[in-house]
Structure formats: C-alpha cells, structure tokens
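First the structure, in the form of structure tokens, and then the observations on it.
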Amino acid sequence: MSFLSSFLYFYGADNFKELSLFLILMPTVLGILSFLVSSNAQRRSIIFIGSIFHFLITGILVLTLANRDLYAVSNFPVLILNSFSGNIENAVFLSVVSLLFSGASFYSLKYLKLEEKNIRKDDEGFLINDEPEAVFTGFMMFFLSAMTLVCFSAHMGLLWAAVEATTLFSAPLIYFHRSRRSLEATWKYLVVCSVGIAIALLGTFFLSLSGGKSGGSLYFYDIISQAKNFNPLWLKLSFIFFFVGYGTKMGLAPLHTWLPDAHSEAPSVVSALLSGALLNCAFLGIWKSYSFMRIGGLGEFSSSIMIFFGIFTVFISALFILNQKEYKRALAYSSVENMGLMCLLLGISFYVGREAEKLVFLSAIGHSLIKSGMFFIAGMVLFYYKSKKYAEVGPMFSKTPFTAGMWFLGFILLSGAPPSPLFFPKLFIFKFMLLGGKYFISALMIFLFIIIFAGLGKIFYETIFSGANNLQEIKEDKTILFPSLSFFSISIFIFFAFFYFSRGIK
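Numbering-wise, this note's numbering comes out as the position in the sequence shown, counting from 1, plus 5.
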C-alpha cells in the first residue's frame, strides 16, 4: 500500500464520519468565536484559517474516492454519509463549496479592510452603513456549516433542513450594506426561498407516503433499494414538489426572482458564494429526487420536466439580460442561465446516460469557479468606480489595466468560448438536439446563447473600453484578485484536461 493510501486509510475513509462531523461543526464553533473576539483583524484571521482547515480535510475525504477498497459503508441507516461511495455528486459539490470558501476568505482579508474605509452613498443619496464585522464573519462561518451539512446529508429530511439553514444564515450576509435596496433584496430572498423550501417539505412528505407499507424511510440508501416498489403517483408528486421547491432556491425560472436582487445587493464576496456554492446545494436536492425517479421507473416523466424548465430558464435569462444596466445583475442572470443548462443536462442524461452526467459536473464546476472569480472582480470594480451601472464604469483598460484584463478573461470564460469548460456542455446540448431531430429547439438554443453573449458582451465592452467615469487616477490592488486568477486558471486547466481525456464531445 502506498503512502497516500495508508494516509487515507487512517485519516480518511477509516474516520470518515468523525471528520465529516468535524467539518460540519468546526465552522459553527469558529462563527461563535468570531462574536466573542474584539478585533476585526482576528475575525478575518479566524475565517481564513478555518477555511484552510476545511479545504484540507475535505481534500482528504474526497481523495478516498480514488481508493474504493478503503470505503467503510455501514449496514445501518445514518443521517450523515459514511462515505462518498455512490454519492460522487456530494463529493464534487463539497469540494466546490470548500474551494470557493477558501478563495472567498482570502479575498475577505483585504475586502473587509477596504470596506472599513470605503465611504459611499446609495442610490437615494444616503451613506451606506455596513453591519458589524462580527455579524458578517460569524454568519459566513454558519453559512459554511449549513452548506457542508447539505453535502453530507444522507436523509431527505436532513437535506431539507440543511437547505433551509443556508437561507437563514445567508440572509444577514445579503443585508451587509444595510441600504434600502439591500433590505428589500434580503426580504425578497427570505420570502421567496422560504416558500420554495415549504413546497420542498411537501415533497418530503409525499416521498415518505410513496413508500407505503415498505416503511416510507427517507434515508438515501433505503429509498434507492426500495424505489422500484414505491407508489408511482406519490413518487411523481414528490418529484414535482421537490423540483419546484429546490428549483426556487436554485434559481430556475419562473421562481428565480430573488436571485438578481440578492446577488446585486450582497457584498461581492457573498454574491460569489451564493452563485458558486449555494445554488449547487439546492441542485443537489433535485438531483437526489431525480435519481429516485429513475430507479422507480419514472425517469422519462422527470426528465421531460427538467428539459422543459431548463430551456425555459435559459430563455428567461436571455430575455432579461439584454435590459440590464448594472453589471452585477447581469452576472446574476448569467447564473440563472447556467442553472437552466445544468437542469437541462441532467434531464438529457436519462437518454444518453453518463456522458451527460459528466457534463453536469463540468458545467457546475466551471460555472462555480468562473462566476465566483467574476464576482470578486466585480467587487473591486465597484470599489474603484463607486457605481454598479456599467455606463458609469471605465474605461477600465486605461485606468485599471490588470482588473480590465481579468474582467475580459472572465467574460470569455463565462460566455462558454474556448478555453472555457462551459464550451463542452453547450456544444453537447446543440449536438443532442440536432441528432434527435429537434431542429427548432436546437436553433432556439443557439439563438439564446447568441443573445446572452451579446448582452454580456455589450456590458463588458462598455466597461473595458468606453465608460463615462471621470476619475483621474486609480491605484489597483492586484493581490486581492489572486482567487479570481486561480479559479480562472483551474477552469482553463479543466477545459484542456477534459478535452484530452475525452477528446472533446464524440
């Protein structure tokens, strides 16, 4: 046995449950600690050190996937996963959450320091008064705990509770600037997402009823082993309510209305986590429900719903992105588009199998990395130019050239052009629709992609090469964008790695 295998045996798979509980509880303890210390510098250090520990331990647990003989799967139902065996989507999303939070914590070290000195007014002319850092750092750590719990949940009831916890813990983060617009965005987020979660709770009840005399267990392992015997009517109802409920939190149209406001009004570091990590957690609930439907022989029913609403969500994104005046809201609608693509790809997987599922992962990882990096940059654009309106920003190329270069690279990656990992999912969708004889839908998707590209392109062109900001000189901070550069680099590496190992889309 190699050194790595030995290490993973003693500290990974053999202690999976203990380490998973540590990952869930450690951020909560650090969040409480951040309320007790008196120094903002100490609070920033707490969030950064905690994120590094979280990322390292996550790496240890996820690497056990490469050592399948080391899995320790229990023979009794548990609320927390005993391993990632058969739960690769949990492992992938946990890795994304941990990586993004590490980047966000590094970004926060300087971002929060800049916010202390950043005096600006809201749209009504009132000075923005940020909430205390103790509240921000504390709820950031609570938010991490909740997202970690989502990824480790082995019970549909616990998964529901964890997703609801992400709503409660992220709401104070959206309200960080304490302006009228941020208050409105926070309440819209709480109300719309709470309604969605309530609908998902009904889905949980219907799933339990579908088990009938077999017990109605909500443990993943029990559902997977018994789904073939579930009542088809109750199982269909459970999926519909899960899809609507978790789809609301995921940002699927037409219940996406909270997303543009929350992403626009939250601090950019929070917007990055909402878009890159939180939406994936909600998608995990839909994925689990969809897998139960396929095992229960209802895959075609559920896939048709996902394909329809996936296309509809992309359509809504294209419709609204053309009229955006603020670059953060445009980025938010781009997130809506990518959630639609992920939903569409998962629905297509019923017909083509693992090839589409691999592209769901590729789309989720690529979007999370690129969009988080873009929101980090957007935060600095807002700091430099004091405006969210793209017409009042720039010309970045002459005033902030490094930020402009990163901004342009992010646009190329976000649009799905090579070397973006989002290129392959979009190409696959076009190929699937074309080969399936769905020429109208194929043409429609191409048209929608062009509209979204044009809408984003206009905003990025204006901010980089044009703009009407009269600031004479801006001193750039390049180190704060290290997470963005890292995430973009990883995305480009993923593009070439995927192309090499799969030779593109066959």
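Every residue gets a Cβ at the ideal spot worked out from N, C-alpha and C, and that includes glycine.
Check, Outcome
"How should residue 378 be labelled, buried or exposed, when 16 other C-beta atoms within 10 angstroms of its C-beta is the threshold for buried?", "buried"
"Give the DSSP-derived three-state secondary structure of residue 130 in the structure shown.", "Legend: pLDDT at residue 130 = 45, less than 50; position of this residue unreliable, value from coordinates given subsequently. Residue 130 falls in the coil class under three-state DSSP."
"DSSP three-state label for residue 330, please.", "coil"
"Let me confirm a value: residue 484 is counted as buried when at least 16 other C-beta atoms fall within 10 Å, else exposed. Which label applies?", "exposed"
"Taking all protein chains shown into account, do 16 or more other C-beta atoms lie within 10 angstroms of the C-beta of residue 335, making it buried, or fewer, making it exposed?", "buried"
"Are there 16 or more other CB atoms within 10 angstroms of the CB of residue 101, so buried, or fewer, so exposed?", "buried"
"Cα separation between residue 150 and residue 29?", "5 Å"
"Report yes or no: is there a C-beta of chain D within less than 8 Å of the C-beta of residue 390?", "In summary, chain D is missing from the structure at hand, where a single protein chain is found."
"Assuming residue 97 contacts residue 181 under a Cβ cut-off of 8 Å, what Cβ separation, rounded to an integer in Å, is found between them?", "Not confirmed; about 29 Å, so no contact."
"Which residues does DSSP list as the beta-bridge partners of residue 224?", "160"
"Using three-state DSSP, classify residue 376 as helix, strand or coil.", "helix"
"Mind checking which residues open and close the alpha helix (DSSP H) that includes residue 193?", "185-215"
"May I have the straight-line CA-CA distance separating residue 77 from residue 406, to the nearest angstrom?", "Note that residue 77 scores a pLDDT of 35, beneath 50, so its modelled location is shaky; the value from the coordinates is reported in the next line. Their backbone Cα atoms lie some 52 Å apart in a straight line."
"If we count the other Cβ atoms within 10 Å of its Cβ and call it buried at 16 or more, is residue 75 buried or exposed?", "Only weak support is given to the placement of residue 75: the predicted model assigns it a pLDDT of 34, under 50, and the value that follows is read from those uncertain coordinates. Under this definition residue 75 is a buried residue."
"Give me the Cα-Cα distance between residue 24 and residue 62, rounded to the nearest whole angstrom.", "7 Å"
"Exposed or buried, residue 94, counting other C-beta atoms within 10 Å across all chains shown (16 or more means buried)?", "buried"
"Can you name, in chain order, every residue of its own chain whose Cβ lies under 7 Å from the Cβ of residue 372, other than the five neighbours on each side?", "343 and 427"
"Determine, using beta-carbon pairs with one atom in the region 223-232 and one in the region 200-208, whether at least three such pairs fall under 8 Å.", "no"
"Are there 16 or more other CB atoms within 10 angstroms of the CB of residue 41, so buried, or fewer, so exposed?", "exposed"
"What do you reckon, is the C-beta of residue 445 under 7 Å from a heavy atom of the ligand FAD?", "Absence of the ligand FAD from the depicted structure is noted, as is the absence of any ligand whatsoever, leaving it without description."
"By Cβ distance, which residues of its chain are closer than 6 Å to residue 404, with the 5 residues on each side in sequence left out?", "479"
"Could you check the C-alpha separation between residue 164 and residue 481 for me, to the nearest Å?", "42 Å"
"Measuring CB atoms only, is the region 191-204 touching the region 321-329, in the sense that at least three cross pairs come out at less than 8 Å?", "no"
"What would DSSP say about residue 483, mapped onto helix, strand or coil?", "coil"
"Which ranges would you report for the beta strand (DSSP E) in the region 288-347 if only whole runs of at least 3 residues count?", "none"
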